[in-house]
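Undergrad:
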Amino acid sequence: MKGKPFTHLEKLGKSGRASLLPNQVKITVGFASCGVAAGAQAVLNAFSSGIKKRKMDVQIQKAGCNGMCHQEPLVEVWIPGKVRLTYGKVNKEIVQTILAAIKLDAIPEGALFKTPLGITTDTCCEDVPDNTSHTFYSKQQRVALRNCGVIDPENIGEYIALEGYQGLALALTEKTPAQVIKEVEKAGLRGRGGGGFPTGLKWKACRKARGKQKYIICNADEGDPGAYMDRSILEGDPHAVIEGMMIAGYAVGASQGVIYVRDEYPLAIQRLEIALENARKNKILGSKVLETDFSFDIRISRGAGAFVCGEETALIRSVEGECGEPRQRPPYPAVEGLYGCPTIINNVETLANIPALVKSGAKLFSAVGTETSKGTKVFSLVGKVNNVGLVEVPMGISLREIIFDIGGGIPGGKAFKAVQTGGPSGGCIPESLIDLPVDYDKLAQTGSIMGSGGLIVMDEKTCMVDVALYFLRFLEDESCGKCTPCRVGVRRMREILEDICEGRGTLNDLDILEKLAGTIKESALCGLGRTAPNPVLSTLKYFKNEYLAHIKDKKCPAGVCRELVKYSIDKKLCIGCGACLKACPVDAVSGEKKKAHKINLKKCIKCGACSEICPAGAVLT
Amino acid sequence: MVTLKIDEIPVQVPEGTTLLQAAQKIGVWIPTLCHHESLSPSGGCRLCVVEINRDGKSQVVSSCVYKAEEGLVVQTSTEKILGIRTCIIELLLSEAPGAKVIQDLARDLGVKPVKRFTPRNELCIACGRCIRACSELVGVSAIGFAKRGYDKLAVSPFYERAEDCIGCGTCAEICPTGAISLKDIDEGDSAVVCEGTVIEGPARIIENWKVGLKLKVCKECGETFAPENQLAYFSKEAGLSKDFYDICRHCRT
């Protein structure tokens, strides 16, 4: 590659390479929010003091999350010229064994898997599985997450060493803005925030729109319960998002960018601030980007925690300093957005895909995926699943493969019941449909949506009416209150659902629920309101028998809805171990050792502690 | 100019005209609530929704916001629209059962309250007409919304005395549901407004904004005619002399 931008990057990449692949052993600690929550700071401290005490020549660094949240705190040991070894659930003792082994030039034992460093035919650590054959990774394909957990997110050089800002340099030197848009269009990239609108079309409309100023907004107001894809990308690879925004800016003719990120993501904000500062210092961001005539700068706008501000028109109002309320579209933001100017609003993951797309071309990007959904999608796999974590899979993979192969199935030998996709705007997909390929349109056909990528797995012990109530409560709480269907309609739906869960429901309620859902879906002002009934509609569609059990039999089949549950102990099954007796917080259980126990219903607060702990399955609901 | 069809009737309107304005032009009635011709549209109450057809796709939009487009086919009372309207009135009836405007709409459209809904005793339906009027027409922005969702209400800043309120009463006048309580008290009477502050008459009390404002007494006839703050605001805005409002307009002419 020739041209000033490339020589500029070449210089910066050199120092990055030295830090990424030093000539000495390097240890990286997963330091995204998930890692920090699991105790990464203590692990990092233990390494630092251990290295000092043993007078070792080892580099210690922070990295983002590699996706294996269930194995946090995660540590990687980089052995120069050979491999990178990944260790999970690292504690202070494991830190000591790792350091002791390195001190002896040996390979620390207990690695989960290994990743070769560069082209190496070295046969070390043969007993450790390869990353490509590890169950968690074998079906994954990482594009948006390509650098997460690998690079130090606070070091711009490491990003550049791994082809960072090459897509931008290529666009600036070899492509016209129209060609960049054409490339994105040809790639078939669709918005990863949930809507799935073709990114290229959006850019084209914005390029065509007239305005003395244009803006690129990165939507990082991730608010779906159980979803944390965007947070992980921002914490693990902030420059990918910045580069994506800059390419978008070049393509549509914008010189200003805003990252709208929720204030509940302090680490993401901190890493973004560092990244922006480093990009400016290294003449990547600001005037005369990479020594070309293109100028672009980015500022951070922090959201105060309203779910509705993820909706683009509400987001714009919030950035403008107004109350975050949506307005009717059209006009679309691409034509009339921030301060009335043409504005592109793309989600974090969409933008993180852009550099790789531009760098390797539309053909390579669209080689992955289905007819209507190209590329990969990041999901946060949470709920009743063994391998909780962040996964990136090619579109077209089945939900079953994600949940059972990558996710390792349901814990405790329980049966799978449903998977919730798309957060509060999505729905619950039953087992009969989980062989469906993951694809915007296929998921929409089930009555759910792709959404931003939250996958909440539910087992047999989950009550689907309770799930619907949970989401309605969330939506009622987060409704901005501007339009009647959402403000009052969602409230009324919640009240009815609560009655059903507490045994006061009637069959007529189901008709009222369906009528309300239909009205809200058709007439609410914004996308959030219009999709608010989805959790109720999809559970009514696939799990109507559970609703009927609550209404007709006044029973909660999953044993979740407290008002409908009566705990009792099966005399024949009870082994008299006393576990329930100890677990009960209100002393409602009585019985002698090795004899059947009993529950005093007058004292019982229906917390379910006895049922959870019983090894014999003797507690009935 | 753009030509469109509303309920099969062709109508030609200048660009930028809303569907509601276009419908009014040809006498097609669309119910509204949060809309007011002197205010910017909000599109919040959703009563004025209509069905538009474009490229064979039907879409429900609020007519007070949506701008007329060339060749657009608009239907104001399809089965779907009537169903939505009915449901929205049912919801509003449960939110503000005492509001006469909603009762009238329900009667006109044959909508009955849904017994299953738990009504609440509020008149404010968060349409924001008072707030928009205070900002767009009066220009003082003394009030705003607090909270969100079902708890959203038009209130004074921090639920305290609305410092910037000039007592003009535009809010009470423009409120569709009569949710704003405005009353003038005479000399000799008194009222408690905010945190136990007692205001002596003659004064204007607006309970919602926790204000009590002294009323000006005409030097000529001795009648009260407007809050002093309002007159001071008018004088300042129009550059009038200090004593201009010493006498009321009846005595001036």
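The listed protein sequences correspond, in order, to chains A and B. For the first sequence, numbering that gives the first Met the number 0 gives the first residue as 0, with consecutive numbering after it. For the second sequence, numbering that gives the first Met the number 0 gives the first residue as 0, with consecutive numbering after it. No residue lacks a Cβ here, since even glycine has one placed at the ideal position from N, Cα and C. The structure presented is a predicted model; accordingly, all values stated were derived computationally and were not measured.
Looking at C217(A): is its Cβ nearer than 9 Å to the Cβ of V183(A)?
TA: Position 218 of the first sequence holds residue 217(A). Position 184 of the first sequence holds residue 183(A). For C217(A) and V183(A), no; Cβs fall outside 9 Å.
Undergrad: Does the separation of the CB atoms of G190(A) and K201(A) fall below 9 Å?
TA: To locate residue 190(A), count along the first sequence from 1; it is residue 191. To locate residue 201(A), count along the first sequence from 1; it is residue 202. Yes, the Cβ-Cβ distance between G190(A) and K201(A) is below 9 Å.
Undergrad: With distances taken from CA atoms, which of D151(A), C147(A), F293(A) and V307(A) is nearest R230(A)?
TA: Reading the first sequence from its first residue, position 231 is the one you call residue 230(A). For the residues D151(A), C147(A), F293(A) and V307(A), the minimum Cα distance to R230(A) belongs to C147(A).
Undergrad: Closer than 8 Å between beta carbons: that is the criterion. Which residues of the segment 35–65 of chain B meet it against chain A?
TA: Those would be S41, G42, G43, C44, R45, L46, V48, V59, V60, S61, V64 and Y65, in chain order.
Undergrad: Mapping DSSP to helix, strand and coil, what is S134(B)?
TA: Within the second sequence, numbered from 1, the residue matching residue 134(B) stands at position 135. Note: S134(B) maps to helix in three-state DSSP.
Undergrad: Less than 7 Å between C-beta atoms, sequence neighbours within five positions excluded: which residues of the same chain meet that for Y244(B)?
TA: Position 245 of the second sequence, counting from 1, holds the residue named residue 244(B). Counting only Cβ-Cβ distances below 7 Å, and skipping sequence neighbours, we find K215, L230 and S234.
Undergrad: How big is the Cα-Cα spacing for G222(A) and V60(B)?
TA: Walking along the first sequence from the start, residue 222(A) turns up at place 223. Walking along the second sequence from the start, residue 60(B) turns up at place 61. So the alpha carbons of these two residues sit roughly 27 Å apart.
Undergrad: So which residues on chain A does K151(B) lean against when the C-beta distance must stay under 9 Å?
TA: Walking along the second sequence from the start, residue 151(B) turns up at place 152. Within chain A, the residues near K151(B) are S478, C479, G480, K481 and R486.
Undergrad: Using the beta-carbon count (16 or more within 10 Å), is Q23(A) buried or exposed?
TA: Within the first sequence, numbered from 1, the residue matching residue 23(A) stands at position 24. Classification for Q23(A): exposed.
Undergrad: Assuming Y214(A) and A253(A) form a contact by the criterion Cβ under 8 Å, report the distance between their Cβ atoms to the nearest whole angstrom.
TA: Stepping through the first sequence from its first residue, residue 214(A) is reached at position 215. Stepping through the first sequence from its first residue, residue 253(A) is reached at position 254. Indeed they touch by this definition, with Cβ atoms about 6 Å apart.
Undergrad: Does chain A have any CB closer than 9 Å to the CB of C86(B)?
TA: Mapped onto the second sequence, residue 86(B) falls at position 87. So, interface residue.
Undergrad: Rounded to whole angstroms, how far is the Cβ of V74(A) from the Cβ of V42(A), which I believe are closer than 8 Å?
TA: Indexing the first sequence from 1 puts residue 74(A) at position 75. Indexing the first sequence from 1 puts residue 42(A) at position 43. Indeed they touch by this definition, with Cβ atoms about 7 Å apart.
Undergrad: Buried or exposed: where does E348(A) fall if 16 or more other Cβ atoms within 10 Å of its Cβ makes it buried?
TA: Numbered from 1 along the first sequence, position 349 holds the residue referred to as residue 348(A). It is buried - the Cβ of E348(A) has at least 16 other Cβ atoms within 10 Å.
Undergrad: From the DSSP output, which residues share a beta bridge with M457(A)?
TA: In the first sequence, counting from the first residue as 1, residue 457(A) sits at position 458. Its beta-bridge partners are A417(A).
Undergrad: Please classify M67(A): is it buried, with 16 or more other beta-carbons within 10 angstroms of its beta-carbon, or exposed?
TA: Here residue 67(A) refers to the residue found at position 68 of the first sequence. Label assigned to M67(A): buried.
Undergrad: Taking only runs that begin and end inside the segment 15–80 of chain A, name each unbroken beta strand (DSSP E) of 3 or more residues, in chain order.
TA: Correct list: 25–29, 58–62 and 74–77.
Undergrad: Counting along the chain, where does the alpha helix (DSSP H) carrying D183(B) start and finish?
TA: Counting from 1 along the second sequence, the entry for residue 183(B) is found at position 184. Note, D183(B): premise wrong, no alpha helix (DSSP H); beta strand (DSSP E) at L181 to I184.
Undergrad: What residue from D465(A), L580(A), P556(A) and D498(A) has the CA that sits closest to V535(A)'s CA?
TA: As a first step, residue 535(A) must be located in the first sequence, where it is residue number 536. Nearest of D465(A), L580(A), P556(A) and D498(A) to V535(A), Cα basis: D465(A).
Undergrad: Would I106(A) and I150(A) qualify as a contact pair, given that the criterion is a beta-carbon distance under 9 Å?
TA: Here residue 106(A) refers to the residue found at position 107 when the first sequence is read from its first residue. Here residue 150(A) refers to the residue found at position 151 when the first sequence is read from its first residue. The answer is no: Cβ separation not under 9 Å.
Undergrad: In chain B, which residues lie with their C-beta within 8 Å of the C-beta of I396(A)?
TA: In the first sequence, counting from the first residue as 1, residue 396(A) sits at position 397. In chain order: nothing, as chain B lies at least about 31 Å away.
Undergrad: Going by the C-beta, is A582(A) closer than 8 Å to any heavy atom of the ligand FAD?
TA: The ligand FAD is absent from the structure shown, which contains no ligands of any kind.
Undergrad: Comparing C-alpha positions only, which one of L3(B), T2(B), P30(B) and N207(B) sits nearest to S76(B)?
TA: Counting from 1 along the second sequence, the entry for residue 76(B) is found at position 77. Of the listed residues, the one whose Cα sits closest to S76(B) is P30(B).
Undergrad: Taking 8 Å as the threshold, find out whether the segment 147–166 of chain B comes into contact with the segment 117–137 of chain B through three or more Cβ pairs.
TA: In short, these stretches touch, since the Cβ pair count reaches three.
Undergrad: Using a cut-off of 7 Å between C-beta atoms, extract the partners of F157(B) located in chain A.
TA: One-based indexing of the second sequence puts residue 157(B) at position 158. By Cβ distance, chain A contributes nothing, its closest Cβ being about 15 Å from F157(B), past 7 Å.
Undergrad: Please say whether L92(B) and V64(B) have beta carbons closer to each other than 9 Å?
TA: Numbered from 1 along the second sequence, position 65 holds the residue referred to as residue 64(B). Numbered from 1 along the second sequence, position 93 holds the residue referred to as residue 92(B). Contact: no.
Undergrad: Give a yes or no on whether 9 Å exceeds the smallest Cβ distance from I142(B) to chain A.
TA: Your numbering for residue 142(B) matches position 143 in the second sequence. Not one chain A Cβ lies under 9 Å of I142(B).
Undergrad: What does L524(A) touch in chain B if you count any residue whose Cβ is under 8 Å from its own?
TA: In the first sequence, counting from the first residue as 1, residue 524(A) sits at position 525. Going along chain B in sequence order, the residues near L524(A) (Cβ under 8 Å) are G42, G43, R45 and S61.
Undergrad: Which two residues bound the contiguous beta strand (DSSP E) that contains I268(A)?
TA: Working through the first sequence from its first residue, we reach residue 268(A) at position 269. That residue, I268(A), is in no beta strand (DSSP E); its alpha helix (DSSP H) goes P265 to K280.
Undergrad: Can you check the segment 134–162 of chain B for any alpha helix (DSSP H) of at least 4 residues that lies completely inside it and give the ranges in chain order?
TA: Within the segment 134–162 of chain B, no complete alpha helix (DSSP H) run reaches 4 residues.
Undergrad: Locate the alpha helix (DSSP H) running through A204(A), then write down its first and last residues.
TA: Along the first sequence, one-based indexing puts residue 204(A) at 205. From DSSP, the alpha helix (DSSP H) with A204(A) extends over T198 to K207.
Undergrad: Report the neighbours of I83(B) on chain A: residues whose CB is nearer than 7 Å to its CB, in chain order.
TA: One-based indexing of the second sequence puts residue 83(B) at position 84. By Cβ distance, chain A contributes T518, E521 and S522.
Undergrad: Would I495(A) count as contacting chain C if we go by Cβ distances under 9 Å?
TA: The structure shown contains no chain C; its protein chains are A and B.
Undergrad: Just verifying my parser: in three-state terms, what is the DSSP assignment at R328(A)?
TA: Reading the first sequence from its first residue, position 329 is the one you call residue 328(A). Reduced to three states, the DSSP call for R328(A) is coil.
Undergrad: Got a sec: is the Cβ-Cβ distance from N507(A) to anything in chain B below 9 Å?
TA: Mapped onto the first sequence, residue 507(A) falls at position 508. Yes, N507(A) lies at the interface with chain B (some Cβ there is under 9 Å from its Cβ).
Undergrad: Taking contact to mean 3 or more Cβ pairs, one atom from each stretch, closer than 8 Å, check whether the segment 137–146 of chain A and the segment 343–358 of chain A are in contact.
TA: Output reads yes: the segment 343–358 of chain A touches the segment 137–146 of chain A.
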